[in-house]
Amino acid sequence: MNQNFSSELKTQVKKSLQKSQIMNTHKSFKSFLTLILAPFIFTLSACGSDSNSTENNSNNSTKPVSRNTATIVKTRGQLVCGVSGELPGFSFVGTDGNYSGIDVDVCRAVAAAVFDDPNAVEFRNLNSKERFTALQTGEVDLLSRNTSWTLSRDTSVGLDFAPVVFYDGQGMMVNKNSGIKSLKDLQGKAICTQTGTTTEQNLADQMRKRNITYKSVVFEDVNVTFATYAEGRCEGITADRSALVSRRTTLPKPDDHIILDELLSSEPLAPAVAKGDPQWRDTVKWTVYALIKAEELGINSQNIAQFANSNDPEIKRFLGTEGNLGEGLGLSNDFAARIVKHVGNYGEIYDRNLGKQTQLNLPRNQNQLSTNGGLLYSPPFR
Ligand SMILES: N[C@@H](CCC(=O)N[C@@H](CS)C(=O)NCC(=O)O)C(=O)O
-18 MNQNFSSELK TQVKKSLQKS QIMNTHKSFK SFLTLILAPF IFTLSACGSD
32 SNSTENNSNN STKPVSRNTA TIVKTRGQLV CGVSGELPGF SFVGTDGNYS
82 GIDVDVCRAV AAAVFDDPNA VEFRNLNSKE RFTALQTGEV DLLSRNTSWT
132 LSRDTSVGLD FAPVVFYDGQ GMMVNKNSGI KSLKDLQGKA ICTQTGTTTE
182 QNLADQMRKR NITYKSVVFE DVNVTFATYA EGRCEGITAD RSALVSRRTT
232 LPKPDDHIIL DELLSSEPLA PAVAKGDPQW RDTVKWTVYA LIKAEELGIN
282 SQNIAQFANS NDPEIKRFLG TEGNLGEGLG LSNDFAARIV KHVGNYGEIY
332 DRNLGKQTQL NLPRNQNQLS TNGGLLYSPP FR
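In terms of my numbering, the sequence shown is residues -18 to 363.
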């Protein structure tokens, strides 16, 4: 399915910029000021911005929650899933209000496991800065939003991560005609990025390491960040490579922009839940593993019915026709079958959102199964 995101994004960017100009709320007034003052608020320093101040939106004493999200979700009859909504291929809301993307499909897979209904999900758009608080306060049950697994997020920020759904790395995008070929060519130049991300921190680290002075231009709103770059007010823009590829499709002339070969970091993107809720953590964890295991076993949404009478013990356990693996998670024993039936296996999800037939056309590389040379691998279903 070939998707054209750019016209929908243009409308959203316009709305975002208009919102900044309306100034009828404190937040939009802040955005307005940020936009207007953008050229003046940058940090000019080899150390970049004060990286730790924006990463952990929460304070350092985040306590594990004591809630039973599985029960809350079941009682509500719906999963509330935090996504970005602004990244084609990962999580994107079209003008028709429909969500799509690999992160969105992870939410749907959890709903399929719990309710046998992939549509029992309410999506909430969260920007980089607000995402962790939304999880900690219980505003969302699950964060499935291009979020990098890091030590501090796993400890002081109070998250528990499910397995990685996309192995990524940070990249830098520049205009093809700028003559910029590597990070060192960005000496003294302005670089746009979004606050509350590992991106902001990695940029500071990498430039400091190379002794490169640059102007850090940071925004809370992804649309403003990319619009500022598109207007030529930043010579470079940095984000996860997948995000750069995704958002490049929304720029007025995507082919005018190139992503430099240099990689600034490793960014393992994984769903997360609030720490202190082991049953819910296991539910999300084994939902992701079910997607991977199904691909390992060659089971997909189209052929799953043919496996109903399989006499392979591993397949029987996986599909729940034998044993009681679901019970340990508080789920039906056919939870994995529900996931595959409704949402597909990992490969199907990847292909439909990021694969060759999409505008992103991201090669699977590290996101192949380990048997094909990648990093994806499921522990045994036994
Ligand atoms: N993976 C990095 C970066 C994630 C991130 O939030 N990237 C921005 C830049 S593209 C984004 O997705 N923004 C979308 C939004 O705010 O809705 C992290 O976890 O900190």
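Positions of the beta carbon are idealized from the N, C-alpha and C atoms, including for glycine.
Supposed close pair residue i, residue j - CB separation, criterion 8 Å
i: Thr174; j: Thr206; result: 7 Å
i: Thr268; j: Ile320; result: 6 Å
i: Glu67; j: Asn204; result: 7 Å
i: Gly301; j: Phe316; result: 7 Å
i: Gly257; j: Ser47; result: 6 Å
i: Leu310; j: Asp263; result: 6 Å
i: Asn348; j: Leu357; result: 6 Å
Distance cut-off 7 Å: residue i Cβ against heavy atoms of ligand 1
i: Gly66; result: yes
i: Val85; result: no
i: Arg228; result: yes
i: Asn108; result: yes
i: Asn127; result: yes
i: Gln175; result: yes
i: Leu250; result: yes
i: Thr264; result: no
i: Asp141; result: no
i: Val198; result: no
i: Thr52; result: no
i: Thr179; result: yes
i: Asp221; result: yes
i: Ala224; result: yes
i: Val269; result: no
i: Val203; result: yes
Under 8 Å between C-beta atoms of residue i and residue j
i: Ser246; j: Thr179; result: yes
i: Trp130; j: Val145; result: yes
i: Asp221; j: Glu181; result: no
i: Pro252; j: Ser359; result: no
i: Phe142; j: Asp135; result: yes
i: Val54; j: Val95; result: yes
i: Gly139; j: Pro45; result: yes
i: Ser282; j: Lys337; result: no
i: His238; j: Asn156; result: yes
i: Leu184; j: Thr231; result: no
i: Phe362; j: Lys274; result: yes
i: Glu216; j: Ser159; result: yes
i: Leu343; j: Val254; result: no
i: Val265; j: Pro99; result: no
Same chain, Cβ closer than 6 Å to residue i, five either side skipped, listed in chain order
i: Leu225; result: Gly152, Met154 and Ile240
i: Val74; result: Gly66 and Tyr80
i: Gly304; result: Arg298
i: Arg229; result: Pro235 and His238
Residues near residue i by beta carbon distance below 7 Å, same chain, minus five either side
i: Leu272; result: Ala90, Ile320, Asn326, Tyr327 and Ile330
i: Phe21; result: Only weak support is given to the placement of Phe21: the predicted model assigns it a pLDDT of 38, under 50, and the value that follows is read from those uncertain coordinates. Excluding positions up to five away in sequence, the list is empty.
i: Tyr210; result: Cys173 and Ile218
i: Ser351; result: Leu357 and Tyr358
i: Glu276; result: Asn326, Tyr327, Gly328 and Leu350
Own chain residues within Cβ distance below 8 Å of residue i, not counting five before or after
i: Val121; result: Val61, Cys62, Gly63, Arg105, Leu107 and Ala115
i: Gly213; result: Asn156
i: Ile161; result: Val155, Leu167, Lys170, Glu216, Gly217 and Leu241
*Report yes or no: do the stretch 47 to 67 and the stretch 87 to 102 share at least 3 C-beta pairs separated by less than 8 Å?*
yes
*Is the number of C-beta pairs between the stretch 157 to 173 and the stretch 181 to 195 that are closer than 8 Å three or more?*
yes
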